[in-house]
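Heads up, the thing below is written out as structure tokens.
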Amino acid sequence: MMPQDIRTSPVCNLAVGDELRGKWNHSRYRIRRRLGYGATGAVYLADSDRGVVALKIGHDQMSITSEVNVLKRFSKVQGKVLGPSLIDVDDWVTKTATYPFYAMEYLKGETLFDFMKTKSPEWAGILLVQLLTDLHTLHQAGWAFGDLKPDNLLVTGPPYRIRWIDVGGTTVMDRSIKEYTEFYDRGYWGKGTRKAEPSYDLFSAGMVMVNLAYPSRFTKNGDPDKQFQAKIAGSPMLKPYAPILQKAWNGKYRNAEEMRNELVLLLNANDKARSPQTQRNSTQKPASRQAQKKKKSSFIVETFLVFTFVFVVYFFYMLGQTM
Amino acid sequence: MRNKGTLRQILLITDGCSNQGEDPIAMAALANEQGIAVNVIGVLNENAPEYHRQGLKEVEEIAMAGGGISQVVYTKQLAQTVKMVTQKAMAQTIKGVVNAELQQILGSQSTMEDLPPDKRGEVIEVVDEMGETMNLEILVLIDASGSMEDKMLTVQESLLDLSISLNSRIGDNEFALYVFPGKRTEAEELLNWSSKLESIGKTFSKISLGGITPTGPAIKEAIAAFGRKRSSKRRFLSDDAPGYTNESGM
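Each protein sequence line maps, in turn, to chains L and D.
To convert, note that position 272 of the first sequence is 272 in UniProt numbering; the numbers rise steadily by one, no gaps.
To convert, note that position 73 of the second sequence is 73 in UniProt numbering; the numbers rise steadily by one, no gaps.
What follows is the structure, given as structure tokens:
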């Protein structure tokens, strides 16, 4: 007997061109390729009557059904598209077993790591801002995301936008987190409970950022606080974000908006610090000289006006004294 | 607060086959009859010899008889597995209860799988809710035979990790910790029923590793520990929720 391996399960081994049909709604799906697999099942790209869809097939009724529940809820969060939209829910009956599955909107994009390979480092901050915006909406709707990690995120576009693709860990606030991954889990690092609350997700969001600087991640080794500080200090990409990452690590943010706003401030400040350098060798020099000239002439006008005003006031004052 | 019912579980962590006393599979069946699910985690060294892997077959059989869940893992995956097995087992037990209710309403053949996907969602929400709010009594039974020596630190870390997860739930938890073989008895109590598992660090250093593996007698002792707990509780309150006996064969 060997440790059970999801890769050997039939749900992970559908071949290109395989066709499956739902037991209840009778929709047909033809497999194009496997997009990925996780603890609860595999996701395939498939053709259907309703176009190209992402098809998630699992072997556990419980987890597939709770994911469907979450996706249904997501569609009810007003005004915002939070997850991929849900298209169909059904069972796939084979000779030996019945496997639950659902079809959802196929989001086309790049993984976080692939995206960052071709882009400049400030994109990391911007993606995190976008992520925090979505997290805030989710938290206000009464949910925590839970299993926040690059595997569950995708960058779509252009225009580039971070989206989440796997909602399996999404948990009602104040309950215990359904699914998590050690590196992004504050429980693993001894930094708090696994209770669904905003600070849990914000910790993970910070670790996603850290993960971008350390793609192969790292494991707990000695005092987590010291280890974390050393990792931040050791990465030129993370260093500017140190105060924010530190606060997220220590659970100091009450909500996602607070962290987002601080991050936006920091990104703007960084821009200012960097902009003189970029402007110095550009064609903006004459323009700024002109501005200086304008400033000089306006200074003369101002002085004249002030003196006139003081003189007029003085004149009336004297007039009042003599009368 | 109204008692929402209690789930009772034995979590057996072992690395091989029993070699003394009663048949552990029979003892697991006995536990199951009394509403206690027996879950088993088999721990395997990465370089374990083939005959050792074969020995872990017992792991599956004990869990099956005990109405619980089994999983064989390599040592380094232990922390995640301990938590996963415990929570899956809780869900399975609750699902058994819910399925029994469904059968009363819908007829003898119905289970959750026979419901159309739309209706299933609502049932799962009930199961989720129960899993979050029910009280849990979990007795961890650790194989302390000689071959487990290099795994003890990982076992300890895994249990601490489990307590972080379980204590993040709304419902109450009580843990007890037994190792087998004990110094004088077949199974020895390391930690009596307590809501905190953080204190196990000290008790772990007291474990002396023995040569034999009396898995069957250890499960029997675990059942007795649940019994003692129940009778001492009854003296104070008698609203122990009935009916949460485990449905086997799910």
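Heads up, the beta-carbon is just placed ideally off N, CA and C, and yes, glycines get one too.
All values derive from a computational prediction rather than experimental measurement.
- Across the structure, L305 (chain L) and V313 (chain L) are spaced so that their CA atoms are roughly 12 Å apart.
- Inter-residue distance for H136 (chain L) and A256 (chain L) is about 5 Å (C-alpha atoms, whole angstroms).
- Boundaries of the alpha helix (DSSP H) around I164 (chain D): M152 to L166.
- Judged by DSSP secondary structure, E122 (chain D) falls within the alpha helix (DSSP H) whose first and last residues are P117 to T133.
- For T156 (chain L), there are no C-beta contacts with chain D under 7 Å, since the nearest C-beta of that chain is about 28 Å from it.
- Note that the C-beta distance between L267 (chain L) and E179 (chain L) is not below 8 Å.
- A contact between stretches requires three or more CB pairs, one per stretch, nearer than 8 Å, and the stretch 175 to 189 of chain L meets this requirement with the stretch 153 to 167 of chain D.
- The continuous alpha helix (DSSP H) containing N211 (chain L) extends over residues P198 to A213.
- Between P117 (chain D) and chain L, the shortest Cβ-Cβ separation is below 8 Å.
- If you draw a straight line from the Cα of V127 (chain D) to the Cα of I57 (chain L), it comes to about 21 Å.
- Interface flag for M112 (chain D) against chain L is set, since a Cβ pair is found closer than 8 Å.
- For M84 (chain D), the secondary structure class from DSSP, reduced to helix, strand or coil, is helix.
- Going by DSSP, V68 (chain L) is part of the alpha helix (DSSP H) stretching over Q61 to F74.
- Out of L:Y160, L:Q229 and L:L45, the CA that lies nearest to the CA of A248 (chain L) is found in L:Q229.
- With a contact defined as Cβ atoms closer than 8 Å, I142 (chain D) and V155 (chain D) qualify at about 6 Å.
- Proximity to S235 (chain L) across L:T156, L:G251 and L:R217 peaks at L:R217, based on C-alpha coordinates.
- By the Cβ rule, the stretch 75 to 82 of chain D does not count as touching the stretch 118 to 137 of chain D, because fewer than three pairs are nearer than 8 Å.
- Under a criterion of Cβ atoms nearer than 8 Å, the residues of chain D adjacent to W24 (chain L) are, in order, P116 and P117.
- For R175 (chain L), the secondary structure class from DSSP, reduced to helix, strand or coil, is coil.
- Under the Cβ criterion (8 Å, minimum of three pairs), the stretch 17 to 25 of chain L counts as touching the stretch 83 to 99 of chain L.
- Contact of K56 (chain L) with chain D is not assigned, every C-beta pair being separated by 8 Å or more.
- Shown here for K149 (chain L): same chain residues with a beta carbon closer than 6 Å to its own, the five before and five after excluded, namely T181 and Y184 in chain order.
- Residues V40 and L141 of the same chain have their beta carbon placed closer than 6 Å to that of L12 (chain D), with the five preceding and five following residues left out of the count.
- Taking a Cβ-Cβ cut-off of 9 Å, the neighbours of I177 (chain L) in chain D comprise S165 and S168, given in sequence order.
- Secondary structure note for A29 (chain D): its alpha helix (DSSP H) is the uninterrupted segment P24 to E33.
- DSSP places S120 (chain L) in the coil class of the three-state scheme, outside both helix and strand.
- Only A39 from the stretch 35 to 55 of chain L bring a Cβ to less than 9 Å from some Cβ of chain D.
- As DSSP reads the structure, Y178 (chain D) sits in a beta bridge with D:L141 and D:E189.
- At a cut-off of 8 Å between beta-carbon atoms, V11 (chain L) makes no contact with chain D.
- Straight-line spacing of the CA atoms in G210 (chain D) and T185 (chain D) works out to 12 Å.
- Counting along the chain, the unbroken beta strand (DSSP E) around V43 (chain D) starts and ends at A37 to L44.
- For K226 (chain L), the uninterrupted alpha helix (DSSP H) segment begins and ends at P224 to A233.
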